[in-house]
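Visitor: I'd like to ask some things about the structure below.
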Amino acid sequence: MTEEKYKALNFIEQILEEDLESGKHQGRVHTRFPPEPNGYLHIGHTKAICVNFELAKKYGGKTNLRFDDTNPTTEDTEYVEAIKRDIEWLGFEWNDEPYFASDYFPQLYKFAVKLIEDGNAYVDPSSAEEIAALKGTPTEPGKNSPYRDRPIAENLQLFAEMKEGKHADGAMVLRAKVDMTSPNMHMRDPVIYRIKHAHHHRTGDTWCIYPMYDFAHGQSDSIEEITHSLCSLEFIHHRALYNWFIEKLGIFPSRQIEFARMNVSYMITSKRKLLKLVNDGFVTGWDDPRMPTVSGMRRKGYPASAIRTFCDKVGVAKRDNLIEVELLESCVREDLNAISTRVMVVTDPIKLTITNFDQGTILLPADNNPEDEAAGKREVPFSSEIFIERDDFMIDPPKKYFRLGPDRTVRLKNAFIITCTDYQTDADGNVTEIMATYYPDSKSGSDTSGVKAKGTLHWVDAKESLPIAIHEIGRLFTDPTPASHEDKEITEFFNDESLIINDNARAEPYLASVKYDEHLQFMRKGYYILDENADGLVFNKTVNLKDSWAKKK
RNA sequence: UGAUCCAUGGUGUAAUUGGCAACACAUCGGUUUUUGGUACCGACAUUCUAGGUUCGAGUCCUAGUGGAUCAACCA
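Quick note on our numbering: the first sequence kicks off at 3 and runs consecutively.
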């Protein structure tokens, strides 16, 4: 009766299962996540991280974290630390210690020498412009460099001199001798080593020549005996070269498999553009809660589990995609609904006086989370003077308005049912205070009043409530694909309302004691979290609650 | 005027590999509710086009069409 449940496999899982079945690599699955330490991890990286780590986990394999640090002029240890922290926070454990492509520089150098010895590489003193000129175009074949057939001994000599620092930056490069007429541009004698007299964040000044991506990435995969090297679609044209080096060097045959990277609406994933937002002061840093970075999302209150679920739901395929950010937000809400502490916060307070309440201040029990009995209860102070939301009262409300207005009756969450008896306005007709009476026998949990209330309002006690600041975080951009307009800067689409600071909110006393990792639901408003970078009571909005009333209006 | 990859609802992925197009998000409508939240129910597709093979095609073949990618001493 073992009913075999058919579970849909994505195309990479199909490849993995075929390899497992055929006994390739003794049934071993070993992946890697290879970030370059020149920026912070963003939403796009989370997809690559989830795919690499979760696929390996699913098939009993391991995943290496390897820093692709072959360009000393853009990379920094600051980024290494931030990347490690973000991956751990996302909930993944890499195999062993983190690896670094720079640790393989000696080996990579030997690989290059072997290539030269076998007549598969040559030193070219042509300038970058000259090399580009002979490269041809995608539709026209390239032409051989005049230095292409330099004798092996000479190549060896020059390459050694490059390493010894006898030549200036850009004076010459080492090129693989592949095929200048290949329709694949990457096969037209790609540069594999360049001279850079630059300080490397790990190897210091040991080297003044550095391998290019194509001569570092695949070789690192082989050195680590990575079985499946999963990367994004734009590397598809590099695969031929990747395999060419494996063949010429006779090294471990890692297999590169490309999948479509994830694009999310209203977010950008260009590290250059993100850095520009930081440098030009559009945001306060890489971890600004508006940023699509892992650290930004963390500070905004997105749970790691929600991000993982999101990546899982997005799936893995080869076609270009634009995921609606609403799916991410839905995953966040789903998580937060289950775990967040419900609290009452009035974001735009207006005073309401209960004219017939004369018990001073009393404490009322409130559920911390109706979805989770075990979360328990806390007590909320209540007295004759409270604050409610300004937009929960209308002098002349429309038909379907369930809230307060003259002679209307509502329930105060966790407290009593009240009826509005009067209100005051200023010279401009703005409501300044509301008066109401309460039904003593309508107390939450022991309501015997028989009074019907259509709506329920949240509130805070006027005296006991705390002033807090709320940072309403919105979309960073006003356009779903700000980077898709070739003639426009992304900053033209910067959303001026991406951060709205509200210093006027009032919260129940409980908020004075919340921790940085406690997710909160401000009832009827949204999910919030204490800002990990602020000193006082500053709360960042994670995401709104769904609001069918806002839509109706 | 090259090469490579891709094409299923508004969005993203499925379809047990040739057998009733499914799931999620979004949208719209409804039920429940001391959060206009949650939960629950319902609605929402001639599988890019045209031919072909077949009892049968989203799936295979042919030709189109559309999109993406490739010419850094970046990764």
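Think of the CB as a built atom: it goes at the ideal place given N, C-alpha and C, for glycine as much as any other residue.
Could you tell me which uninterrupted alpha helix (DSSP H) segments, each at least 4 residues in length, are contained entirely in the stretch 173 to 248, listed from first to last along the chain?
Guide: 219 to 225
Visitor: Going by C-alpha to C-alpha distance, which of Glu534, Ala58, His487 and Tyr101 sits closest to lysine 517?
Guide: Working through the first sequence from its first residue, we reach residue 517 at position 515. With distances taken between Cα atoms, lysine 517 lies closest to Glu534.
Visitor: Who are the Cβ neighbours of glycine 298 in its own chain at under 6 Å, not counting the five residues just before and after it?
Guide: Position 296 of the first sequence, counted from the first residue, corresponds to residue 298. Here the set comprises Asp289, Asp290 and Pro291.
Visitor: Who are the near neighbours of tyrosine 512 in its chain, counting only those whose CB is closer than 7 Å to its CB and skipping five residues on each side?
Guide: In the first sequence, residue 512 corresponds to position 510, counting from 1. Excluding sequence neighbours, tyrosine 512 sits near Val345 and Arg380.
Visitor: Report yes if the C-beta distance between leucine 478 and serine 446 is below 8 Å; otherwise report no.
Guide: Translated into positions along the first sequence, residue 478 becomes position 476. Translated into positions along the first sequence, residue 446 becomes position 444. Cβ distance not < 8 Å, so leucine 478 and serine 446 don't count as in contact.
Visitor: My understanding is that alanine 417 touches leucine 338, with C-beta atoms under 8 Å, so please give their C-beta distance in whole angstroms.
Guide: One-based indexing of the first sequence puts residue 417 at position 415. One-based indexing of the first sequence puts residue 338 at position 336. The pair is not a contact, with the Cβ atoms about 25 Å apart (cut-off 8 Å).
Visitor: Applying the 10 Å Cβ sphere with the 16-neighbour rule, what's the burial state of tryptophan 551?
Guide: Numbered from 1 along the first sequence, position 549 holds the residue referred to as residue 551. Under this definition tryptophan 551 is an exposed residue.
Visitor: Quick check on DSSP: helix, strand or coil for phenylalanine 284?
Guide: Residue numbering aside, residue 284 sits at position 282 when the first sequence is read from its first letter. In this structure, DSSP gives phenylalanine 284 a state outside helix and strand, which the three-state scheme calls coil.
Visitor: Check whether the stretch 42 to 58 touches the stretch 307 to 316, counting contact only when three or more Cβ pairs, one atom from each stretch, lie closer than 8 Å.
Guide: Short answer: they touch.
Visitor: Which residue's Cα is closest to the Cα of threonine 295: Thr48, Gly167, Lys454 and Met264?
Guide: As a working note, residue 295 is residue 293 in the first sequence. Cα-wise, what sits closest to threonine 295 is Thr48.
Visitor: May I have the straight-line CA-CA distance separating lysine 7 from tyrosine 403, to the nearest angstrom?
Guide: Residue mapping note: residue 7 aligns to position 5 of the first sequence, counting from 1. Residue mapping note: residue 403 aligns to position 401 of the first sequence, counting from 1. For lysine 7, the predicted structure reports a pLDDT of 47, less than 50, and the residue's modelled location is therefore unreliable. A value from the coordinates is still provided. Near 49 Å, if we compare the C-alpha coordinates of tyrosine 403 and lysine 7.
Visitor: Do aspartate 449 and glutamate 391 have their C-beta atoms within less than 8 Å of each other?
Guide: Within the first sequence, numbered from 1, the residue matching residue 449 stands at position 447. Within the first sequence, numbered from 1, the residue matching residue 391 stands at position 389. For aspartate 449 and glutamate 391, no; Cβs fall outside 8 Å.
Visitor: Quick check: what's the CA-CA separation for aspartate 443 versus proline 484?
Guide: Within the first sequence, the letter at position 441 stands for residue 443. Within the first sequence, the letter at position 482 stands for residue 484. About 56 Å.
Visitor: Please classify threonine 4: is it buried, with 16 or more other beta-carbons within 10 angstroms of its beta-carbon, or exposed?
Guide: Translated into positions along the first sequence, residue 4 becomes position 2. Summary for threonine 4: the model assigns pLDDT 30, below 50, so the residue's position carries little reliability; its value from the coordinates is reported in the next sentence. Result: exposed.
Visitor: Report yes or no: do three or more beta-carbon pairs, one from the stretch 105 to 122 and one from the stretch 200 to 218, lie closer than 8 Å?
Guide: yes
Visitor: Is DSSP giving tyrosine 101 helix, strand or coil here?
Guide: As a first step, residue 101 must be located in the first sequence, where it is residue number 99. Taken through DSSP and simplified to helix, strand or coil, tyrosine 101 comes out as strand.
Visitor: Just to confirm the assignment, what range does the alpha helix (DSSP H) spanning threonine 139 have?
Guide: Stepping through the first sequence from its first residue, residue 139 is reached at position 137. Segment: none, threonine 139 is in no alpha helix (DSSP H) and carries neither H nor E.
Visitor: Starting from the C-beta of leucine 330, find all residues in its chain whose C-beta is less than 6 Å away, skip the five residues before and the five after it, and write them out in chain order.
Guide: One-based indexing of the first sequence puts residue 330 at position 328. A distance below 6 Å between beta-carbons, with the five flanking residues on each side excluded, links leucine 330 to the following residues of its chain, in chain order: Phe312.
Visitor: Given a cut-off of 8 Å, decide if alanine 173 and isoleucine 197 are closer than it, judged by their beta-carbon atoms.
Guide: Locating residue 197 in the first sequence gives position 195, counting from the first residue. Locating residue 173 in the first sequence gives position 171, counting from the first residue. Closer than 8 Å, so yes.
Visitor: Applying the criterion that 16 or more other CB atoms from any shown protein chain within 10 Å of the CB defines a buried residue, is asparagine 506 buried or exposed?
Guide: Position 504 of the first sequence, counted from the first residue, corresponds to residue 506. Asparagine 506 comes out exposed.
Visitor: Output the distance between the C-alpha atoms of glycine 283 and leucine 276, rounded to the nearest integer angstrom.
Guide: Numbered from its first residue, the first sequence carries residue 283 at position 281. Numbered from its first residue, the first sequence carries residue 276 at position 274. The straight-line gap from Cα to Cα measures roughly 11 Å.
Visitor: What is the residue span of the beta strand (DSSP E) that phenylalanine 261 lies within?
Guide: Working through the first sequence from its first residue, we reach residue 261 at position 259. Following the DSSP letters along the chain, one finds phenylalanine 261 inside the beta strand (DSSP E) bounded by residues 257 to 261.
Visitor: Could you name the residues that DSSP lists as bridge partners for asparagine 66?
Guide: To locate residue 66, count along the first sequence from 1; it is residue 64. Under DSSP, asparagine 66 shares a beta bridge with Arg34.
Visitor: State the DSSP-derived secondary structure class of glutamate 159, mapped to helix, strand or coil.
Guide: Counted from its first residue, the first sequence places residue 159 at position 157. Sequence inspection shows glutamine at residue 159; the glutamate mentioned does not correspond to that position. In the structure shown, glutamine 159 sits in a helix (DSSP, three-state: H, G or I).
Visitor: Counting Cβ pairs closer than 8 Å, one from the stretch 427 to 444 and one from the stretch 350 to 364, do we hit at least three?
Guide: Taking 8 Å as the limit for Cβ pairs, the verdict is that the stretch 350 to 364 does touch the stretch 427 to 444.
Visitor: Just the C-alpha distance for arginine 559 and leucine 406, rounded to the nearest angstrom, thanks.
Guide: The requested residue 559 does not occur in the structure, where the chain is confined to residues 3 to 555.
Visitor: Report the rounded CA-to-CA distance for isoleucine 388 versus alanine 464, giving the unit in angstroms.
Guide: Along the first sequence, one-based indexing puts residue 388 at 386. Along the first sequence, one-based indexing puts residue 464 at 462. The straight-line gap from Cα to Cα measures roughly 4 Å.
Visitor: Give me the Cα-Cα distance between tyrosine 111 and glycine 41, rounded to the nearest whole angstrom.
Guide: Here residue 111 refers to the residue found at position 109 when the first sequence is read from its first residue. Here residue 41 refers to the residue found at position 39 when the first sequence is read from its first residue. Each residue's Cα considered, the two are about 27 Å apart.
Visitor: Could you give the residue range of the alpha helix (DSSP H) that holds phenylalanine 1?
Guide: Past the boundaries of the shown model lies residue 1; the chain is included only from 3 to 555, so the question cannot be answered.
Visitor: Could you tell me whether the Cβ atoms of lysine 64 and histidine 32 are closer together than 8 Å?
Guide: In the first sequence, counting from the first residue as 1, residue 64 sits at position 62. In the first sequence, counting from the first residue as 1, residue 32 sits at position 30. Result yes, Cβ atoms of lysine 64 and histidine 32 sit closer than 8 Å.
Visitor: For the putative contact between threonine 421 and aspartate 409, defined by C-beta atoms under 8 Å, what is the C-beta separation to the nearest angstrom?
Guide: Reading the first sequence from its first residue, position 419 is the one you call residue 421. Reading the first sequence from its first residue, position 407 is the one you call residue 409. The Cβ separation is near 7 Å, so the contact holds.
Visitor: Please state whether the Cβ-Cβ distance between alanine 340 and tryptophan 91 is less than 8 Å.
Guide: As a position in the first sequence, residue 340 is number 338, starting the count at 1. As a position in the first sequence, residue 91 is number 89, starting the count at 1. The answer is no: Cβ separation not under 8 Å.
Visitor: Count the other CB atoms within 10 Å of the CB of glutamine 258; is the residue buried (16 or more) or exposed (fewer)?
Guide: In the first sequence, the residue the question calls residue 258 occupies position 256. Flag for glutamine 258 reads buried.
Visitor: Does alanine 84 come out as helix, strand or coil in the three-state DSSP assignment?
Guide: On the first sequence, residue 84 is found 82 positions in, with the first residue counted as 1. Reduced to three states, the DSSP call for alanine 84 is helix.
Visitor: Flag this pair as yes or no: are the beta carbons of threonine 458 and lysine 401 separated by less than 8 Å?
Guide: Locating residue 458 in the first sequence gives position 456, where the first residue counts as 1. Locating residue 401 in the first sequence gives position 399, where the first residue counts as 1. Between threonine 458 and lysine 401, the C-beta gap is not smaller than 8 Å, which leaves the two residues out of contact.
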